[in-house]
Amino acid sequence: MDRSTRFLSLSGLSGVVAGLVALVGAYLARGHYLALQWGARTFGYGPDPTGRSGDMALDHVLFLLADGMGVLLVALLGAFWFTWRRSRRMGITLWDRSARRLMINLMLPLVAGGGFCLALLFHGQALMVPSATLVFYGLALLNASKYTLDEIRWLGISEMLLGIIASFWIGAGLLFWALGFGVLHIFYGAVMYLRHERGTVRTDV
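Numbering of the sequence shown is given in the working numbering, commencing with residue 54 and proceeding in unit increments.
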């Protein structure tokens, strides 16, 4: 019954890979920020009529966007590969009715969250974006969890709680991003792998 209504071939290794990639992305973003600060001290960038400080801020925003897109792309490729591999081992179809339900319920809160984050940026509230992304990502996972493994529900709840905490420390957004998209993914991905994949063999359906 579960196999017909829930997407059970989701691989925990995809979460581990996504978490590791997110940590690398956070490290690169932190390094870029520190490099800009070093440039400001060395070359005297600051709030002056030349507009160099504005150029630095724009440069960092563009780097964060490129960094985030790269992390997302690699994470999605990893998720597809490991989940496809597990589906083959289980002898089931990857893109079935349960997978479509999972994606629809996952994407709706993500799209809403993306629109909300764009509104925050439009109104100059960029420091609130990290907490908002964590909260909406958690909502998306919670909404989709009824169609997949139970660990996704707890991951979603953890992401939401972390996002709420992050809203009170808006200056540490990158740290909370690393914790939410990095550490939590690695932890829950490892739990999923140990509980549902290690030692399993192919079954006929």
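Every residue gets a Cβ at the ideal spot worked out from N, C-alpha and C, and that includes glycine.
What residue range does the alpha helix (DSSP H) around residue i cover?
i: TYR190; result: 182-197
i: TYR200; result: Neither: TYR200 is in no alpha helix (DSSP H) and is coded neither H nor E.
i: ILE145; result: Run containing ILE145: none; DSSP gives neither H nor E here.
i: VAL244; result: 237-249
i: TRP230; result: 226-230
Are residue i and residue j closer than 8 Å when you measure CB to CB?
i: ALA82; j: LEU227; result: yes
i: LEU73; j: TYR246; result: no
i: ILE210; j: LEU195; result: yes
i: LEU63; j: THR136; result: yes
i: ILE223; j: LEU173; result: no
i: LEU163; j: GLY233; result: no
i: TYR190; j: GLY166; result: yes
i: ALA152; j: PHE60; result: yes
Can at least three beta-carbon pairs, one atom from the region 212-230 and one from the region 64-83, be found at a separation below 8 Å? The region 212-230 is in contact with the region 64-83.
Could you say if the region 156-166 and the region 127-137 meet the contact criterion of at least three C-beta pairs nearer than 8 Å? Contact fails: fewer than three Cβ-Cβ distances are below 8 Å.
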